[in-house]
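Read in order, the letters of the sequence shown are residues 549 to 850 in this note's numbering.
Glycine is no exception: its CB is placed at the ideal position from the N, C-alpha and C atoms.
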Amino acid sequence: MLRIGLIGADNFHALAFAKLANLPPEQGGSGLPARVTALWGETPQRAAMVAREAAIVHIAASPAELLGQVDAVMVLLRHGGRHCEAALPFLQAGLPVWVDKPFAIRYDDALCMVDAARRHGALLDGGSTCKYCPDVLWLRQRYRELAADGGVISAHLNFPGELDSPYGGLYFYAGHAVEIIITAFGPDIRSVKADVTGGNVVAVFKYDAFAVSVDFAEVSQYFCTLYSPRGVERRAIDISTIYRQGFSAFVNGVLAGRSLNPPAALLLPVRVLNALDSAVQTGREAPVLPVDEAAGAPAAQA
């Protein structure tokens, strides 16, 4: 049985993952050979609630207390700027680590985690679980079909995004939309433009031959529209099962000793988010910097 420790309980993801691990299948559990046996939470009240609801036996007094007690760790802190510091001790101990979205805010932090995993032989995974959403995978398949049959003119989707979130501003939710775009339309985003009106952000993610626009609107239903010479297609994006799919991907990856997400797949969303943040802050189109240029370039809200 894989023993998992959680770092961070304030995020709803903590309760969702813990229930998938600890509850029986008839009550919504995953049935996988994994169990959340310990957690550390930012606030005692929230940690106690998650432990009670998900039958977690141990609440740690500090993240360091999890070392030696668990086989893997999921870093679920809401602020991406805190992920690197939380993950490093466990990566340096060689443990498998999942780092929640956004993987990082500063690109140097992302590189630091990837390098620590490489040096210590630790499995590293994470980011937005939206990349496992069945509707997003459908979009990927449909985009590829259209690209092979006349091409795609453009695409549009909506997803929440809070400029003034205390958890890193736009980074807190925008990581979901960015990973949806990368999964559905590929990794070759060249630049990002953004407009802020009435506190709402509309961004354009540019590829060589087309662009994907995103309304970061605080609504509860999500859709993607594909425009091609063959017509217009609209698809609802139902993210209700992404915790299950993301948890399964991590656990099965740990059991197989191989993550579904290589380092490049963890690093790219951070570079795209940095470009989005720059476009919002400056009002100018921002390039998605290549790896050698992105290192050392701090994000505006880091």
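What three-state label does DSSP hand residue 711 in the structure shown? In the structure shown, residue 711 falls within a coil segment according to DSSP collapsed to helix, strand and coil.
Legend entry - Every unbroken alpha helix (DSSP H) within the segment 769-818, with a cutoff of 4 residues, ordered by chain: Taking only runs of at least 4 residues, the alpha helix (DSSP H) segments lying wholly in the segment 769-818 are 790-804.
Can you check which of these residues, 659, 681, 653 and 670, is closest to residue 790 by C-alpha distance? Considering only 659, 681, 653 and 670, the residue with the shortest C-alpha distance to residue 790 is 681.
Task: DSSP three-state assignment for residue 761, whether helix, strand or coil - done: Strand.
Margin query: Give me, in chain order, the residues of the same chain whose beta-carbon lies closer than 6 angstroms to that of residue 705; leave out the 5 immediate sequence neighbours on both sides.
Written below: Taken in chain order, the residues that qualify are 762 and 772.
Q) If you follow the alpha helix (DSSP H) that residue 656 is part of, which residue opens it and which one closes it? A) For residue 656, the enclosing alpha helix (DSSP H) starts and ends at 655-668.
**Asked** Per the contact definition of three or more C-beta pairs closer than 8 angstroms, is the segment 772-783 in contact with the segment 688-695?
**Response** Yes, the segment 688-695 touches the segment 772-783.
- Task: Take residue 566 as the anchor and find which of 623, 611 and 613 has the nearest alpha-carbon.
- Result: That would be 623, whose Cα lies nearest to the Cα of residue 566.
Counted within 10 angstroms of its Cβ, other Cβ atoms place residue 661 as buried (16 or more) or exposed: By the neighbour-count rule (16 or more Cβ atoms within 10 Å), residue 661 is buried.
query: By a C-beta neighbour count over all protein chains shown, 10 Å radius and 16 as the cutoff for buried, is residue 743 buried or exposed?
result: Using a 10 angstroms sphere on the CB of residue 743, the tally of other CB atoms stays under 16, which defines it as exposed.
Leaving aside the five residues before and after residue 797 along the sequence, list all residues of the same chain whose C-beta is less than 7 angstroms from its C-beta, in chain order. For residue 797, same chain residues with a beta-carbon under 7 angstroms away, outside a window of 5 residues either side, are 680 and 808 in chain order.
- Task: Can you say whether residue 825 is buried or exposed, counting buried as having 16 or more other CB atoms within 10 angstroms of its CB?
- Result: Buried, by the Cβ-count rule.
Whole-angstrom distance between residue 606 and residue 670, CA atom to CA atom
Cα atoms of residue 670 and residue 606: separation of roughly 24 angstroms, rounded to the nearest angstrom.
- Message: Quick check on residue 788: buried or exposed, where buried means 16 or more other Cβ atoms within 10 Å of its Cβ?
- Response: By the 16-neighbour rule on beta-carbons within 10 angstroms, residue 788 is exposed.
If residue 569 sits next to residue 614, beta carbons under 8 angstroms apart, how far is it from one beta carbon to the other, in whole angstroms? Going by Cβ atoms, the distance from residue 569 to residue 614 rounds to 15 angstroms, so no, they are not a contact pair.
Quiz item: If we ignore side chains and look at the alpha-carbon of each, how far apart do residue 677 and residue 601 end up?
Solution: A direct Cα-Cα distance of roughly 22 angstroms separates residue 677 from residue 601.
Close-in-space but distant-in-sequence residues of the same chain around residue 799 (CB under 7 angstroms, 5 per side omitted): Within the same chain, residue 799 has close Cβ partners 550, 580 and 582.
query: Near residue 639, which residues of its chain fall below 8 angstroms by C-beta distance, leaving aside the five closest residues on each side in sequence?
result: Cβ within range, chain order: 645, 661, 664, 665, 668, 670 and 672.
Notebook entry, point to check: Between the Cα of residue 712 and the Cα atoms of 812, 627, 838 and 584, which residue gives the shortest distance?
Noted result: It is 627 whose Cα lies nearest to the Cα of residue 712.
field: Beta-bridge partners of residue 626, as assigned by DSSP
entry: Answer is none; residue 626 lacks a bridge partner.
Checklist entry - Along the chain, where does the beta strand (DSSP E) that runs through residue 744 open and close? => result Counted as a single uninterrupted DSSP element, the beta strand (DSSP E) harbouring residue 744 occupies residues 739-745.
- request: Please classify residue 826: does DSSP put it in a helix, a strand, or coil?
  value: Looking at residue 826 - three-state DSSP - the assignment turns out to be helix.
- For residue 725, which of helix, strand or coil comes out of DSSP? Judged by DSSP in its simplified three-state form, residue 725 adopts helix.
Subject >> Cross-strand partners of residue 883 (DSSP beta bridge) >> reply: Since the first residue of the chain shown is 549 and the last is 850, residue 883 is not available in this structure.
Quiz item: What is the DSSP secondary structure of residue 850, reduced to helix, strand or coil?
Solution: Only weak support exists for where residue 850 lies, its pLDDT of 43 falling under 50; the value from the coordinates is given anyway. Looking at residue 850 - three-state DSSP - the assignment turns out to be coil, as it is neither helix nor strand.
| By Cβ distance below 6 angstroms, which residues in the same chain neighbour residue 603 in space, the five residues on each side in sequence not counted? | Only 570 meet the Cβ criterion.
| query | With burial defined as no fewer than 16 other Cβ atoms inside 10 Å of the residue's Cβ, what is the status of residue 578: buried or exposed? | reply | The residue is buried, with at least 16 neighbouring Cβ atoms inside 10 Å.
Check: Which whole-angstrom value is the C-beta distance of residue 702 and residue 759, which I expect to be below 8 angstroms?
Finding: Sure, about 5 angstroms apart at Cβ, within 8 angstroms.
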